[in-house]
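A.B. asks:
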Amino acid sequence: MLRFISLASGSSGNCYFFTNDKVSFLVDAGVGVRTCDKRLAEHGLSLKQVDFILVTHDHIDHIKALGVIASKYSKPVYATSKLLRALLKNACTRNRLNSSLHGIEVGVSATICGVEVSPFAVCHDATQTVGYKLVVSGRTIVILTDCGQITAKVLENVSQADILLLESNYDSEMLQNGLYPKILQDRISGGNGHLSNNQAAEILMKTYPNRIGRMKHIYLCHISANNNTPKLALDSARGALIACGANVDNIILTALPRGRASALYSL
Ligand SMILES: [Zn+2]
Ligand SMILES: [Zn+2]
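Numbered by numbering that gives the first Met the number 0, the letters in the sequence shown go through residues 0 to 266 in order.
#1: Is the separation between the beta-carbon of Ser-99 and that of Ser-73 shorter than 8 Å?
#2: Quick check on this structure: which residue in Gln-148, Gly-130 and Ile-149 has the alpha carbon closest to the alpha carbon of Ile-142?
#3: So is Ala-151 buried or exposed if we call it buried at 16+ other beta carbons inside 10 Å?
#4: Please name the residue in Val-135, Thr-139, Gly-137 and Asp-145 whose C-alpha comes closest to that of Val-121.
#5: Using a threshold of 7 Å, is the CB atom of Ala-125 nearer than that to any non-hydrogen atom of ligand 2?
#6: Taking only runs of the beta strand (DSSP E) that begin and end inside the region 117-185, which ones reach a length of at least 3 residues, in chain order?
#7: Nearest to Val-49 by alpha carbon, out of His-61, Lys-63, Lys-71 and Asp-60?
#8: Do Ile-222 and Leu-165 have their beta-carbon atoms positioned less than 8 Å apart in this structure?
#9: So which residues put a beta carbon under 7 Å from any heavy atom of ligand 1, going in chain order?
#10: Just reading off the alpha helix (DSSP H) that Thr-34 is part of, what are its end residues?
#11: Roughly how many angstroms lie between the CA atoms of Leu-154 and Lys-21, to the nearest whole one?
#12: Which same chain residues end up closer than 7 Å to Arg-213 when comparing Cβ atoms and leaving out the 5 residues on each side of it in sequence?
#13: Determine, using beta carbons only, whether Ile-250 and Leu-240 come nearer to each other than 8 Å.
#14: CA-CA distance, Ile-4 and Leu-53?
#15: So, is Val-76 buried or exposed, given that buried needs 16 or more other C-beta atoms within 10 angstroms?
#16: Scan the region 181-212 and note each continuous alpha helix (DSSP H) run of 4 residues or more that stays entirely inside, going in chain order.
#17: Using a Cβ distance threshold of 8 Å, determine whether the region 99-109 contacts the region 34-44, with at least three qualifying pairs required.
#18: Helix, strand or coil for Ile-222? Go by DSSP, reduced to three states.
#19: Looking at the secondary structure, which residues open and close the beta strand (DSSP E) in which Arg-2 lies?
#20: Can you look up Gly-106 in the DSSP assignment and give me helix, strand or coil?
#21: Measure the alpha-carbon distance for Ala-236 versus Ser-10 and round it to whole angstroms.
#22: If you draw a straight line from the alpha carbon of Ile-59 to that of Lys-215, how long is it in whole angstroms?
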């Protein structure tokens, strides 16, 4: 059985754990090693069982613990070659990744421990940012976090998802009327920033009609503590799904918590 737990999601740390009977992997490692182990142990899981780690980009909330986890448990790390070069210089990962680095490329699928991994380009202000389309246990998981604009590639990948992790970072009004300085507001809402609730809704409106009856799990991620609420994000996504004819009772639609683990979901 394919299972998923978010160990944290948001600007203070991101780490997603997937497992089936044969393979376990992390997407990003922005949560400390002890916290990861504690949150996994509550479900009888462990970082020791992780076969590999995928990285979306080199912002600290996604790689803070990558060096420690990869070196402590000797886990292979997969990221684009450009991102790997940056990780070798980054203070979080420098001198810690040693020989366990594997380059993968945007637009090229690779099979890693039986998981088909396809990175796709995402606009965001890191060295390089990717989303992932993953095929495991016959299911397609799409991870789209830290994304500044809706591109054809984004829609092409999301429209194949059975299971979707979708950024829903900010509510536009809360951001505009909040305390963030204008320069930071512009960075977040710019084309290399983050997806708003409205943009996440637009992605669902444009992709869900292709996935009726297939896209059954939608996890809203990277929700801002200051410029959003889980309720606003969920209401927006739910509204989009209803507008395109979805029976929302048949969809797991959840906002992933920021500073704690989610439930353990069977996918
Ligand atoms: Zn982030
Ligand atoms: Zn980022």
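Ideal placement from N, C-alpha and C gives every residue a C-beta, glycine not left out.
C.D. replies: So, from the listed chains and residues:
#1: Counted from its first residue, the sequence shown places residue 99 at position 100. Counted from its first residue, the sequence shown places residue 73 at position 74. Yes, they are a contact pair.
#2: The count along the sequence shown starts at 1 and reaches residue 142 at position 143. With distances taken between CA atoms, Ile-142 lies nearest to Gly-130 out of Gln-148, Gly-130 and Ile-149.
#3: As a first step, residue 151 is located in the sequence shown; it is residue number 152 there, counting from the start. By the 10 Å Cβ count, Ala-151 comes out exposed.
#4: As a working note, residue 121 is residue 122 in the sequence shown. With distances taken between Cα atoms, Val-121 lies closest to Asp-145.
#5: By one-based count along the sequence shown, residue 125 stands at place 126. True, at least one ligand heavy atom lies under 7 Å from that Cβ.
#6: 129-135, 138-143 and 162-166
#7: The count along the sequence shown starts at 1 and reaches residue 49 at position 50. The option with the nearest alpha carbon to Val-49 is Lys-71.
#8: Locating residue 165 in the sequence shown gives position 166, counting from the first residue. Locating residue 222 in the sequence shown gives position 223, counting from the first residue. No. Outside cutoff.
#9: Ser-10, Asn-13, His-58, Asp-60, His-61, Thr-144, Asp-145 and His-221
#10: Your numbering for residue 34 matches position 35 in the sequence shown. Residues 32-40.
#11: Looking up residue 154 in the sequence shown gives position 155. Looking up residue 21 in the sequence shown gives position 22. The straight-line gap from Cα to Cα measures roughly 30 Å.
#12: Residue 213 sits at position 214 when you count from the first residue of the sequence shown. For Arg-213, where only same-chain residues beyond five positions count, the Cβ hits under 7 Å are Asp-161.
#13: For the purposes of this step, residue 250 is taken as residue 251 along the sequence shown, with counting starting at 1. For the purposes of this step, residue 240 is taken as residue 241 along the sequence shown, with counting starting at 1. Contact: yes.
#14: Residue mapping note: residue 4 aligns to position 5 of the sequence shown, counting from 1. Residue mapping note: residue 53 aligns to position 54 of the sequence shown, counting from 1. Straight-line Cα distance between these residues: approximately 15 Å.
#15: Position 77 of the sequence shown, counted from the first residue, corresponds to residue 76. By the 10 Å Cβ count, Val-76 comes out buried.
#16: 181-188 and 196-206
#17: no
#18: Reading the sequence shown from its first residue, position 223 is the one you call residue 222. Coil at Ile-222, not helix or strand.
#19: For the purposes of this step, residue 2 is identified with residue 3 of the sequence shown, where counting begins at 1. Where Arg-2 is concerned, the enclosing beta strand (DSSP E) stretches over 2-7.
#20: Your numbering for residue 106 matches position 107 in the sequence shown. Residue state, collapsed to three classes: coil.
#21: Here residue 236 is taken as the residue at index 237 of the sequence shown, counted from 1. Here residue 10 is taken as the residue at index 11 of the sequence shown, counted from 1. Cα-Cα distance, rounded: 20 Å.
#22: In the sequence shown, the residue the question calls residue 59 occupies position 60. In the sequence shown, the residue the question calls residue 215 occupies position 216. Using only the alpha carbons, I get a separation of about 31 Å.
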